[in-house]
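Chains as they are written, first to last, in this note's numbering: chain R, 1099 to 1408; chain Y, 107 to 411. Even glycine gets a Cβ: it sits at the ideal position worked out from N, Cα and C. Only a predicted model underlies this, so the values are computations on that prediction, with no experimental measurement involved.
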């Protein structure tokens, strides 16, 4: 009786490991298919039998992707100039050389994700600290508002957001994508969770020593919530990079596209050239996956902390 | 709010100091939060009561709740609502059950193996909806898709299946893709929740002769209830908002229209009618109300357990 029970348990264990490994392969497969597809020649792409490994590695898909469209490498506009220029187009005081649009898209995406990340980390760590440690009046109401907003479907507000952005003259700029990302209250909530653990005595001691509020924040609070800031940074970076709907609504001209939006547009234009699309998809996905793999320790921690008392 | 009375010791000057410092620290965040989340929320509600269009040529008129009344008779909307509910009802329990099973199978593994599995299940999330969708579109393709070529190569199907163009399959394909991009976060959460289960209780139960199954349901499961609740709520919200998959794969065709896609379609694609902002926002309000109700129900059920 005892031994059969044990063999049954062992059998279950072996079986579950086998299933897990199979599942792991299935979950990796789409990514594998993107990367190998990007290097496959057309004969492999359109083969009627599955071609598991490229018969030869070719760069032609990437060449096609780069030749598809072109755009200036960068354009620096005078802030709010679109409202005064008469044409509705902003006034550029510096325009870079013309390059394949994919380069520009990559630059746009990195700029967007990094700026959103930095702004979110600064504002959220300050606000999270205030909510956790400052007993100011109205704190309860503010916190309830933040929780309610977090439960709100984010995409529902995007269409009114579009009206607001066009009224502010920020339509079709990367700021229209960055600012709503920074405003999303998850970061504040996460940083409040991390700031709760700062001992009040340390803050009290700093105050007795005559340390200013800003100094206390910079020299005591920030070092203590560093893991939280790390988690939030990586979280914001990935979310901003992949927030396709927001980018789709706000960015309307090819030069301002992000990498995901650019790939989506190519898909709509040439939905049959799979090699080209896989080249684009790998450029959209690989940078973010590398960032994720480097910082995944922080990431796991952040997801877990964000859910505590969620 | 309620704890005002519990801080009677704070002097007036000190309270003032805390107020000033608190609001100064909140200020940068509040500008973005109020400006780009709270204000649009009110604009959304406001517009839902008007006949606003994207290109504001004609004056916008207040129309009361007539947008909402119109929704009830809009067959496309009702169809989209039905599809959205199918997605939610299928994917939420599937995601929760699957991630619970995977987590309980991997949480005792050694550090590097555990994080490798966690990463793998998280990969589709990181890859991003556009790249994931583009590759799945190819995999489901009628002629060169790997799924069709493998199935016909193995002799399982006689004729290639047009997965995304056939209303018998399309919605299920969408649900499958949504599923692969939804389980990453729940698995991370369940793994850490299982690791945090009070070990002394587990050992005590084992000493008393409880089976693994009993230990799981009577001891681990109740302790993981908050995590489960959180997972149910975020998965519900995500499933309700399913958009990129629809827009890139089927454009709402073959019986896959969802509320979120219909909102987008109404606001941007109905160009001959100049984009019905008011109507689209009314749908947004309805969607938000549904999500709020479902989240509240889940909270209530979890509390009773």
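Cα-Cα separation, residue i to residue j
i, j, result
"residue 211 of chain Y", "residue 137 of chain Y", "45 Å"
"residue 1302 of chain R", "residue 331 of chain Y", "37 Å"
"residue 1288 of chain R", "residue 1238 of chain R", "16 Å"
"residue 193 of chain Y", "residue 351 of chain Y", "12 Å"
"residue 140 of chain Y", "residue 1246 of chain R", "13 Å"
"residue 209 of chain Y", "residue 337 of chain Y", "13 Å"
"residue 1267 of chain R", "residue 1200 of chain R", "26 Å"
"residue 372 of chain Y", "residue 297 of chain Y", "41 Å"
"residue 1250 of chain R", "residue 398 of chain Y", "8 Å"
"residue 1259 of chain R", "residue 142 of chain Y", "7 Å"
"residue 177 of chain Y", "residue 1164 of chain R", "45 Å"
"residue 1378 of chain R", "residue 234 of chain Y", "13 Å"
"residue 241 of chain Y", "residue 1322 of chain R", "42 Å"
"residue 232 of chain Y", "residue 204 of chain Y", "19 Å"
"residue 1141 of chain R", "residue 1159 of chain R", "12 Å"
"residue 112 of chain Y", "residue 1298 of chain R", "Because residue 112 of chain Y sits at a pLDDT of 47, beneath the cut-off of 50, its placement in the model cannot be relied upon, and the point is left open."
"residue 395 of chain Y", "residue 1151 of chain R", "49 Å"
"residue 1272 of chain R", "residue 1216 of chain R", "15 Å"
"residue 1257 of chain R", "residue 144 of chain Y", "13 Å"
"residue 1106 of chain R", "residue 1137 of chain R", "46 Å"
"residue 149 of chain Y", "residue 156 of chain Y", "11 Å"
"residue 300 of chain Y", "residue 314 of chain Y", "21 Å"
"residue 1370 of chain R", "residue 276 of chain Y", "19 Å"
"residue 1402 of chain R", "residue 294 of chain Y", "7 Å"
"residue 369 of chain Y", "residue 1363 of chain R", "20 Å"
"residue 349 of chain Y", "residue 362 of chain Y", "11 Å"
"residue 1147 of chain R", "residue 259 of chain Y", "7 Å"
"residue 217 of chain Y", "residue 273 of chain Y", "44 Å"
"residue 318 of chain Y", "residue 328 of chain Y", "15 Å"
"residue 405 of chain Y", "residue 316 of chain Y", "30 Å"
"residue 1326 of chain R", "residue 340 of chain Y", "21 Å"
Limits of the alpha helix (DSSP H) - the one that residue i falls within
i, result
"residue 218 of chain Y", "217 to 233"
"residue 126 of chain Y", "118 to 139"
"residue 1345 of chain R", "1342 to 1348"
"residue 368 of chain Y", "365 to 370"
"residue 1241 of chain R", "1237 to 1249"
"residue 1221 of chain R", "1199 to 1231"
"residue 152 of chain Y", "145 to 153"
"residue 1260 of chain R", "1256 to 1266"
"residue 174 of chain Y", "172 to 178"
"residue 339 of chain Y", "331 to 346"
Host beta strand (DSSP E) of residue i (start-end)
i, result
"residue 213 of chain Y", "Looking at the DSSP string, residue 213 of chain Y is not in any beta strand (DSSP E), and its letter there is neither H nor E."
"residue 353 of chain Y", "No beta strand (DSSP E) contains residue 353 of chain Y, which is instead part of the alpha helix (DSSP H) from 350 to 355."
"residue 1365 of chain R", "Note, residue 1365 of chain R: premise wrong, no beta strand (DSSP E); alpha helix (DSSP H) at 1357 to 1367."
Beta-carbon contacts of residue i that lie in its chain and below 7 Å, excluding the five residues immediately before and after
i, result
"residue 1300 of chain R", "1318"
"residue 1207 of chain R", "1339, 1356 and 1357"
Cut-off 6 Å between Cβ atoms - residues of its own chain near residue i, not counting five sequence neighbours on either side
i, result
"residue 245 of chain Y", "251, 252 and 253"
"residue 1407 of chain R", "With a pLDDT of 45 at residue 1407 of chain R, under the threshold of 50, the modelled position of this residue cannot be trusted; read the value that follows with caution. For residue 1407 of chain R, where only same-chain residues beyond five positions count, there are no Cβ hits under 6 Å."
"residue 174 of chain Y", "388"
"residue 1253 of chain R", "1343"
"residue 1329 of chain R", "1396, 1399 and 1400"
Nonlocal neighbours in the same chain, by C-beta distance under 8 Å from residue i, ignoring five residues either side
i, result
"residue 1233 of chain R", "none"
"residue 169 of chain Y", "155, 156, 157 and 384"
"residue 1197 of chain R", "1168, 1169, 1170 and 1171"
"residue 183 of chain Y", "177, 365, 368 and 389"
Task: Three CB pairs or more closer than 8 Å across the segment 1342 to 1351 of chain R and the segment 1275 to 1283 of chain R - done: yes
Open item on the list: Taking 8 Å as the cut-off, does the segment 121 to 132 of chain Y touch the segment 258 to 273 of chain Y (at least 3 CB pairs, one atom from each stretch)?
Closed with: no
Task: Meets three-Cβ-pair contact criterion under 8 Å: the segment 1373 to 1393 of chain R and the segment 286 to 295 of chain Y - done: no
Open item on the list: At 4 residues or longer, what runs of the alpha helix (DSSP H) sit wholly inside the segment 245 to 312 of chain Y?
Closed with: 252 to 259, 276 to 286 and 290 to 301
Open item on the list: Would the segment 1371 to 1382 of chain R count as touching the segment 1306 to 1317 of chain R if we require 3 or more Cβ pairs under 8 Å?
Closed with: no
Task: 4 or more residues per run - each alpha helix (DSSP H) lying fully within the segment 1275 to 1325 of chain R - done: 1284 to 1293, 1298 to 1306 and 1311 to 1314
TODO: Please confirm if the segment 1348 to 1363 of chain R is in contact with the segment 217 to 228 of chain Y, defined as three or more CB-CB distances below 8 Å between the two stretches.
DONE: no
Task: Three-pair Cβ contact test at 8 Å for the segment 1189 to 1197 of chain R versus the segment 1220 to 1231 of chain R - done: no
- [ ] Report yes or no: do the segment 386 to 396 of chain Y and the segment 292 to 308 of chain Y share at least 3 C-beta pairs separated by less than 8 Å?
- [x] no
TODO: Quick one: which unbroken beta strand (DSSP E) runs of 3-plus residues sit fully inside the segment 1134 to 1198 of chain R? Chain order, please.
DONE: 1168 to 1170, 1173 to 1175, 1190 to 1193 and 1196 to 1198
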